[in-house]
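Heads up, the thing below is written out as C-alpha cells.
In the numbering used here, the protein residues as written are 876 to 1006.
And the structure:
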C-alpha cells in the first residue's frame, strides 16, 4: 500500500507510452527505495491542455509525479529515486528529463490508515523503510 503514486500528463499519449511511464516509475521505486515489486499502487491522470498549465520551457510531454510514501528513507535513496525515474523515463517512453517533475510527500506513519483501519505505525509493514 506504499507508496501511492500519482502521475499527471497531457492527454493523447498511446497505451504503450502510458505503460512505459508507469513501469518506469515503479521499477525506479523498487530499485531505489527497495519496495516489494508487488507493492504497486499507481494512478495516471490525463488532462486536456486547457486544464493543465505549465511553464513555456516545458513541452507537451511534461510529467508531474507525486509520490506519497512512508517517512524514513535517506536523502541518498531519494536522490537515487529521482535519478532512476528520470533515466528510465528518458529511455522509454522518451521524456526529456527537463519535462519531469517529482514531488515526494511523507506523512508520518500514524497518518496512514491501513490493514483494516490500523495506523501504519502499529503494523508490521513487511519491508524496511530505513534505506
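Idealized CB from N, CA, C, for every residue including glycine. Note that the coordinates shown come from a computational prediction; the quantities given were computed from them, not determined experimentally.
Let me check understanding here. Comparing Cα to Cα, which of the options lies closest to residue i?
i, options, result
"residue 887", "1006, 931, 919 and 904", "919"
"residue 884", "996, 934, 951 and 958", "934"
"residue 968", "877, 890, 878 and 880", "890"
"residue 961", "937, 949, 1000 and 945", "937"
"residue 930", "973, 990 and 896", "973"
"residue 942", "917, 1002, 1005 and 928", "917"
"residue 893", "991, 970, 993 and 1004", "970"
"residue 979", "994, 947 and 1002", "947"
"residue 896", "910, 907, 881 and 909", "881"
I need the DSSP call for residue i, collapsed to helix, strand or coil.
i, result
"residue 921", "strand"
"residue 883", "strand"
"residue 979", "strand"
"residue 972", "helix"
"residue 951", "helix"
"residue 988", "strand"
"residue 894", "helix"
"residue 933", "coil"
"residue 1005", "coil"
Indicate whether residue i and residue j have their beta-carbon atoms separated by less than 8 angstroms.
i, j, result
"residue 964", "residue 950", "no"
"residue 939", "residue 903", "no"
For my contact list, residue i and residue j are in at a C-beta cut-off of 8 angstroms; report their separation, rounded to the angstrom.
i, j, result
"residue 944", "residue 921", "Their Cβ separation, rounded to whole angstroms, is 23 angstroms, which puts residue 944 and residue 921 out of contact at 8 angstroms."
"residue 914", "residue 877", "7 angstroms"
For residue i, which residues does DSSP report across the bridge?
i, result
"residue 939", "883 and 976"
"residue 993", "989"
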